[in-house]
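Written out below as structure tokens is the structure these notes cover.
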Amino acid sequence: MVVARDKDIVLPLLAELKVECLPIGRAGRGAVGLAVELLQREVRLLRLMRDRRPDVVCGFGGTFVVHPAWLLGVPRVVFTDTENARVANALAFPFASLVCTPRAYPHRLRRPQFRYSGYKELAYLHPRHFTPDPGALHDAGLSETEPFVFMRLVAWGSGHDFFDHGLSDVRAAVERLSRFGRVVVSAEGPLPAELEPLRLRGPLHRVHHLLAFARLYIGESATMGAESAVLGTPAVVVSTSRRSYLDELTARYGLAFCYDHPRWGQAQALQQAEALLGDPQTAQLWREGRARMLAEQEDVSQYVTDLVVRQGREV
Numbered sequence: 013m014v015v016a017r018d019k020d021i022v023l024p025l026l027a028e029l030k031v032e033c034l035p036i037g038r039a040g041r042g043a044v045g046l047a048v049e050l051l052q053r054e055v056r057l058l059r060l061m062r063d064r065r066p067d068v069v070c071g072f073g074g075t076f077v078v079h080p081a082w083l084l085g086v087p088r089v090v091f092t093d094t095e096n097a098r099v100a101n102a103l104a105f106p107f108a109s110l111v112c113t114p115r116a117y118p119h120r121l122r123r124p125q126f127r128y129s130g131y132k133e134l135a136y137l138h139p140r141h142f143t144p145d146p147g148a149l150h151d152a153g154l155s156e157t158e159p160f161v162f163m164r165l166v167a168w169g170s171g172h173d174f175f176d177h178g179l180s181d182v183r184a185a186v187e188r189l190s191r192f193g194r195v196v197v198s199a200e201g202p203l204p205a206e207l208e209p210l211r212l213r214g215p216l217h218r219v220h221h222l223l224a225f226a227r228l229y230i231g232e233s234a235t236m237g238a239e240s241a242v243l244g245t246p247a248v249v250v251s252t253s254r255r256s257y258l259d260e261l262t263a264r265y266g267l268a269f270c271y272d273h274p275r276w277g278q279a280q281a282l283q284q285a286e287a288l289l290g291d292p293q294t295a296q297l298w299r300e301g302r303a304r305m306l307a308e309q310e311d312v313s314q315y316v317t318d319l320v321v322r323q324g325r326e327v
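The numbering of the sequence shown is this note's numbering, which starts it at 13 and goes up by one.
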């Protein structure tokens with residue numbers, strides 16, 4: 013059974029993927045809004061779990077599901093890769109039966125902790141589960157021969173995003189990158205009027221196909237940066253909030269670049285992006301880096317399935 017909060021594109025995306033879900037609450041705004049949401053959702057989840065009696069519950073972050081499940085004695089598997097989500101982790105970890113993290117995660121936890129070789133993005137973008145479809149280019153108004161850069165802008169509304177930011181001048185970034193092809197912009201919020209024609213078109217669930225065919229990803233989303241990297245697309249992430257999994261994709265495989273300086277991050281990122289787009293060897297280097305990464309990391313989807321089923325059977 014899938015439950016989901018009404019946040020960003022979650023519900024429309026699940027609908028496009030034909031995943032049946034039960035919406036439970038709308039995402040709160042600010043610290044007070046998130047606290048109110050937490051209480052309301054946990055009451056609803058407690059009633060739901062009491063009625064349905066699940067064998068095991070799991071969630072990414074796990075903040076909402078662990079407390080009701082703990083009260084009912086239901087095993088609780090929490091997945092996370094975000095070490096700087098300090099408040100959410102402090103709320104979830106003490107009530108988890110176990111916490112599952114990538115090996116790149118920098119902290120040893122006091123709770124039972126399982127580490128896996130890989131990144132959560134490989135759960136759905138590993139070649140065993142995902143094959144890029146060039147038909148998605150047509151859906152987005154692109155052609156197979158048209159070079160394009162994919163840009164992602166986030167709303168900075170999550171609990172661990174309150175004091176962070178990314179690109180400082182989106183117009184200037186688009187202008188510089190447009191010299192290398194069309195810029196396709198995926199944005200959680202409004203865009204300047206002159207950039208609105210660049211907004212991503214097409215079905216939401218086809219975005220990863222576009223990432224696979226892009227010449228480069230640049231943006232504020234760490235998750236989408238990692239998605240691009242594991243697909244073999246050069247990823248340039250601009251965010252004052254760093255992630256250990258992106259640092260590993262950078263240092264170990266050379267698949268991503270991260271810039272977190274609060275004033276110079278955009279300038280540094282654009283300089284790197286222009287260097288990558290102007291180098292004819294970039295595509296080959298990223299193919300080789302991706303091959304090394306896939307050879308060393310596991311099929312995360314299979315790992316997650318085996319782990320959750322095992323936890324449910326051990327009750």
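Don't be surprised by glycine CBs; every beta carbon is placed ideally from N, CA and C.
Cβ neighbours of residue i in the same chain (closer than 8 Å, five flanking residues each side left out)
i, result
"Thr-75", "Leu-50, Ala-100, Leu-103 and Ala-104"
"His-172", "With a pLDDT of 44 at His-172, under the threshold of 50, the modelled position of that residue is not reliable, and the figure given next carries that caveat. Contacts found: Thr-94, Asn-96, Ala-97, Arg-98, Val-99, Ala-100 and Ser-253."
"Pro-274", "His-177 and Thr-252"
"Asp-63", "none"
"Pro-139", "Leu-306"
Unbroken alpha helix (DSSP H) run spanning residue i, endpoints
i, result
"Tyr-315", "312-325"
"Thr-92", "Unbroken run through Thr-92: none, as it is neither H nor E."
"Gly-277", "277-289"
"Arg-302", "294-308"
"Arg-98", "98-104"
"Leu-203", "Element bounds for Leu-203: n/a, residue is neither H nor E."
"Leu-222", "219-225"
"Leu-137", "134-137"
Residue burial classification, residue i (beta-carbon count within 10 angstroms, cutoff 16)
i, result
"Asp-18", "exposed"
"Ser-155", "exposed"
"Glu-206", "exposed"
"Lys-30", "exposed"
"Met-13", "exposed"
"Val-44", "exposed"
"His-141", "exposed"
"His-79", "buried"
"Ala-224", "buried"
"Phe-160", "buried"
"Phe-174", "Confidence is the limiting factor: at Phe-174 the pLDDT is only 49, short of 50, which leaves the residue's position unreliable, though a coordinate-based value still follows. By the neighbour-count rule (16 or more Cβ atoms within 10 Å), Phe-174 is not buried but exposed."
"Glu-310", "exposed"
"Pro-106", "exposed"
"Thr-245", "buried"
Three-state secondary structure (DSSP) of residue i
i, result
"Pro-80", "helix"
"Arg-194", "strand"
"Tyr-265", "coil"
"Tyr-128", "strand"
"Leu-110", "strand"
"Pro-209", "helix"
"Val-69", "strand"
"Tyr-117", "coil"
"Pro-24", "helix"
"Leu-154", "coil"
"Phe-160", "strand"
"Leu-179", "coil"
"Leu-149", "helix"
"Leu-216", "helix"
Neighbourhood of residue i by C-beta, 6 Å cutoff - its chain only, sequence neighbours within 5 removed
i, result
"Val-312", "Gly-130, Leu-134 and Ala-135"
"Tyr-271", "Val-250, Gly-277, Gln-280 and Ala-281"
"Ile-36", "Val-15, Arg-53 and Arg-56"
"Met-305", "Tyr-265"
"Ala-247", "Tyr-229, Gly-237, Ser-240, Ala-241 and Ala-268"
"Gln-125", "Val-111"
"Gly-231", "Met-163 and Arg-164"
Below-9 Å beta-carbon distance, residue i vs any chain D residue
i, result
"Leu-26", "Absence of chain D from the displayed structure is noted, only one protein chain being present."
Cut-off 7 Å between Cβ atoms - residues of its own chain near residue i, not counting five sequence neighbours on either side
i, result
"Gln-278", "Leu-179, Ser-180, Asp-181, Ala-185 and Val-250"
"Arg-145", "Strictly speaking, residue 145 in this sequence is Asp, with Arg absent from that position. His-221."
"Gly-40", "Leu-46, Val-48 and Glu-49"
"Leu-216", "Ile-21, Pro-24, Leu-25 and Glu-28"
Range of the contiguous beta strand (DSSP E) that encloses residue i
i, result
"Met-13", "Met-13 -> no beta strand (DSSP E), and no H or E assigned at all."
"Tyr-229", "228-231"
"Val-55", "Careful: Val-55 lies outside any beta strand (DSSP E), inside the alpha helix (DSSP H) at 42-64."
"Ala-247", "247-250"
"Leu-189", "Here Leu-189 belongs to no beta strand (DSSP E); instead the alpha helix (DSSP H) covers 182-189."
"Gly-237", "Looking at the DSSP string, Gly-237 is not in any beta strand (DSSP E); the run it does join, the alpha helix (DSSP H), is 234-243."
"Gly-37", "34-38"
Pick from the options that is closest to residue i, judged by C-alpha positions
i, options, result
"Arg-188", "Ala-27, Phe-126, His-141 and Gln-284", "Gln-284"
"Glu-326", "Ala-47, Glu-260 and Val-89", "Val-89"
"Arg-335", "Thr-92, Pro-139 and Arg-140", "A question about residue 335 goes unanswered here, because the residues of the chain that appear run from 13 up to 327."
"Ala-226", "Glu-208, Leu-289 and Ala-234", "Leu-289"
"Ala-234", "Ala-224, Pro-204, Gly-214 and Ser-256", "Ser-256"
"Ala-317", "Val-68, Met-61 and Ala-152", "According to the sequence shown, residue 317 is Thr rather than Ala. Among Val-68, Met-61 and Ala-152, the Cα nearest to that of Thr-317 belongs to Val-68."
"Ser-198", "Phe-162, Leu-319 and Arg-191", "Phe-162"
"Arg-123", "Ala-108, Thr-113 and Lys-132", "Ala-108"
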